[in-house]
Amino acid sequence: MPRRKRQAESASEESDNSNGNDSDEEHPEQTTRMTRRSAASNNGQQLDILPSPKRRRIIKEPVVSGSDSEETAENQGNKGSDKTKHLSRGKAKHSTKKPSADAKSVQFNGEVEEDLDEENLMGLTERRATPKTNYDETSAHCPLPGCDSKGHLSGRHESHRTLTSCPLFHNTSAEECKNRFENRTKNTEDRKKVLAELKDRRGLRHLVLSDSQKAKLEKVTKARSKKPEITEKVREEHRQHKQKHGNTRQPLITGLTSDYDYELFREAQARACELLEHQMTQHFAKTDLQEYRIKKLEIGCFEINTWYSSPYPEEYARLPKIYLCEFCLKYMRTATILRRHMAKCLWRHPPGDEIYRKGNISFFEVDGKKNKVYCQNLCLLAKLFLDHKTLYFDVEPFLFYVMTENDTNGCHIVGYFSKEKNSFLNYNVSCILTLPQYMRQGFGKMLIDFSYLLSKEEDKIGSPERPLSDLGLLSYRSYWKDVLLDYLHKYKGQEICIKDVSQETAINANDIVSTLQALGMLKYWKGKHLVLKKQ
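Just so we're aligned: 361 in the UniProt record's numbering is position 361 of the sequence shown, and the numbers increase by one with no gaps anywhere.
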């Protein structure tokens, strides 16, 4: 769809000063789009154009390195449709455009902007959080056992499809949720009236509380002063609830605080649920061809478009986007949870022993038996970019070698490869992956080279696990070609033995022969195999 310029002639000076012109060429989606019809309706009125928000820089997404059924890093870069978005480490402030004073709109991008005022935030919750999908017609069901998908935690809809919006999971009923929604709507109208009264007094230097505000403050103070006593009966009730339902219910929170704080928490839960549901509705289009899987991944300062599905738990696998801690690889559902986790996470490098370091590149050896959870999270992450990977949870028989790029903030994961502790066929790689944001920088070949370095240290002849995929074979053959040509270039003799080359390079003899044949350098003449070499 052709792009249209966003500024009118009367507002050309304001839009020239904004920093949105460069980003518009990269991002066709705009916060507010000016069409000819809307421009004509304004009759030449001066538009109030604010600076456009900072855009996330898009970098091309390269390829994954892999063996067996895994795909390799140097060969999947042809996926032009897959892109990786690089996020700035600082918080980007989003701004909105207002076509007129009466038409106010706040664009929703999956997160609530912190610089929105209270009125705009109310509008976002009431308008933007309303999903466009008709929940009564959707075929998705709530994953909670025993739930009939009726009711919604926000009270706005008649059905739900996620644990986040399940009334049963939150120990309430659909009727109670609907009553809370009506109360929230009433409180919103009252708040709007108070805000309207305050607009007439904005010129005062020192604002004085109005009568309604004083009454509200007194009421809240009185309600919060009545804190219930946590008796042994309450503890026993919570304990029995935990034993009966386990993780299929939210822990009981009644009787722990005042009624006002309890209702305030319930209201925050409902509003967060509406925002998440809006995100889900945008992700899951009503079509039979829609693939229900994670589409985006945020790890560190990168947002990556995923390539394949991964067997994350169901409540995560149905989300449009998940968030990962780049150090412990724990997966989370929202950016808020990730931000709180990063404030408490003590990890700054992978677990295990650092066995190699040169410059800002390190390798860590992680035992799947000693660090089972980390290795399982690593396999789940790898499955998002590997098509036929089958190992996710049985990680104890494997060693994982994680490559990191180091800076003052910690050791950031670049890629990894895994191998069996005791391989009968001397396989030195079972799975290998370079994360998309680090591809086409030589890291994939470095991972392969390091796997053969380990084979040399163990005095073994190594080879990747068979069978290799087509792209995996091309990547490994590229490495074998470089190693063999370098070896033959330095070799000064007239006769050469494949077995000697295998011992020197730690590459399997079959791999050497197949590579030379692919290069057209191995010929059979008068009962002998000859390696053709330019003099």
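Note that beta-carbon positions come from the ideal geometry of N, C-alpha and C, so glycine has one too.
Exercise. Can you tell me the Cα-Cα spacing of Ile507 and Tyr427, whole angstroms?
Worked result: Straight-line Cα distance between these residues: approximately 11 angstroms.
For this session: Could you tell me which residues DSSP pairs with Asp367 in its beta bridges?
Result: Answer is Leu399.
Exercise. Would you say the region 178 to 185 touches the region 298 to 307, given that touching needs at least three Cβ pairs under 8 angstroms?
Worked result: no
Problem set entry | alpha helix (DSSP H) segments (min. 4 residues) lying fully within the UniProt region "Disordered" (220 to 252) | 232 to 245
Exercise. Do Phe400 and Val366 have their CB atoms nearer than 8 angstroms?
Worked result: Result yes, Cβ atoms of Phe400 and Val366 sit closer than 8 angstroms.
Problem set entry | Leu329 versus Asn377: straight-line alpha-carbon distance, rounded | Looking at the two C-alpha atoms, the distance is approximately 6 angstroms.
Exercise. Between the beta-carbon of residue 559 and the beta-carbon of Ile304, is there less than 8 angstroms?
Worked result: Outside the modelled stretch of the chain, which goes from 1 to 535, sits residue 559, for which no answer is possible.
Exercise. Are there 16 or more other CB atoms within 10 angstroms of the CB of Phe265, so buried, or fewer, so exposed?
Worked result: Here Phe265 is exposed. Its C-beta has fewer than 16 other C-beta atoms within 10 Å.
Problem set entry | Option nearest Trp347 by Cα separation, candidates His160, Cys411 and Lys389 | Residue Cys411 is the option with its Cα nearest to Trp347.
Problem set entry | Option nearest Met193 by Cα separation, candidates Asp211, Asn179 and Arg180 | For the sequence presented, residue 193 should be read as Lys rather than Met. The residue with the shortest Cα to Cα distance from Lys193 is Asp211.
Exercise. Can you name the residues that DSSP bridges to Leu529?
Worked result: Looking at the sequence itself, residue 529 is His, so the reference to Leu does not match. BP columns for His529 point to Tyr524.
Exercise. How long is the line joining the alpha carbons of Pro397 and Ile230, rounded to whole angstroms?
Worked result: 48 angstroms
Exercise. Does any heavy atom of the ligand PLP sit closer than 7 angstroms to the C-beta of Tyr392?
Worked result: Looking for the ligand PLP in the displayed structure turns up nothing, as the structure carries no ligands at all.
Exercise. If we count the other Cβ atoms within 10 Å of its Cβ and call it buried at 16 or more, is Arg318 buried or exposed?
Worked result: buried
Exercise. Between the Cα of Glu465 and the Cα atoms of Ser451, Trp307 and Gln213, which residue gives the shortest distance?
Worked result: Of the candidates Ser451, Trp307 and Gln213, Ser451 places its Cα closest to the Cα of Glu465.
For this session: Identify the continuous beta strand (DSSP E) that holds Tyr416 and give its terminal residues.
Result: Gly410 to Glu420
Exercise. Candidates Lys216, Leu381, Gly359 and Lys321: which alpha carbon is nearest Phe327's?
Worked result: Restricting attention to Lys216, Leu381, Gly359 and Lys321, the CA atom closest to the CA of Phe327 is found in Leu381.
Problem set entry | Cross-strand partners of residue 600 (DSSP beta bridge) | Beyond the ends of the chain as shown, which are 1 and 535, falls residue 600; an answer cannot be given.
Problem set entry | Strand pairing of Arg357, partner residues [DSSP] | In the DSSP output, where bridge partners are listed per residue, Arg357 has Ser362.
Exercise. So, using beta-carbon positions, are Arg477 and Thr434 closer together than 8 angstroms?
Worked result: In this structure, Thr434 does not lie closer than 8 angstroms to Arg477 by Cβ.
Problem set entry | With 16 other Cβ atoms within 10 Å as the buried cut-off, status of His388 | exposed
Exercise. Ordered along the chain, which non-local residues of its own chain (more than five positions away) have a Cβ less than 8 angstroms from that of Leu532?
Worked result: Gly520, Met521, Leu522 and Lys523
Exercise. Between the C-alpha atoms of Gln517 and Lys481, what's the straight-line distance to the nearest angstrom?
Worked result: 11 angstroms
Problem set entry | Bounding residues of the alpha helix (DSSP H) (the contiguous stretch that carries Ile448) | Phe443 to Glu457
Exercise. Should Ser463 go down as buried or exposed, given a rule of 16 or more other Cβ atoms within 10 Å for buried?
Worked result: It is buried - the Cβ of Ser463 has at least 16 other Cβ atoms within 10 Å.
For this session: Count the other C-beta atoms from every protein chain shown that fall within 10 angstroms of the C-beta of Arg339, then say buried if there are 16 or more, exposed otherwise.
Result: exposed
For this session: Classify Lys424 as buried or exposed, calling it buried when 16 or more other Cβ atoms lie within 10 Å of its own Cβ.
Result: Checking the sequence shown, residue 424 turns out to be Phe, not Lys. Exposed is the call here.
Exercise. In this structure, does DSSP put Asn426 in helix, strand or coil?
Worked result: coil
Exercise. Short check: CB of Gln269 to CB of His170, under 8 angstroms?
Worked result: yes
For this session: Could you spell out where the alpha helix (DSSP H) holding Ile432 opens and where it closes?
Result: Note, Ile432: premise wrong, no alpha helix (DSSP H); beta strand (DSSP E) at Cys431 to Thr434.
For this session: Helix, strand or coil for Gly493, going by three-state DSSP, please let me know.
Result: Taken through DSSP and simplified to helix, strand or coil, Gly493 comes out as coil.
For this session: Please classify Lys186: does DSSP put it in a helix, a strand, or coil?
Result: helix
Problem set entry | Distance, Leu454 Cα to Cys273 Cα | A straight line joining the alpha-carbon of Cys273 with that of Leu454 spans about 50 angstroms.
Exercise. Exposed or buried, Lys383, counting other C-beta atoms within 10 Å across all chains shown (16 or more means buried)?
Worked result: buried
Exercise. Looking at C-alpha atoms only, which residue of Cys142, Thr390, Thr257 and Leu252 is the closest neighbour of Glu277?
Worked result: Cys142
Exercise. Beta strand (DSSP E) containing Asn305: first to last residue?
Worked result: Phe302 to Asn305
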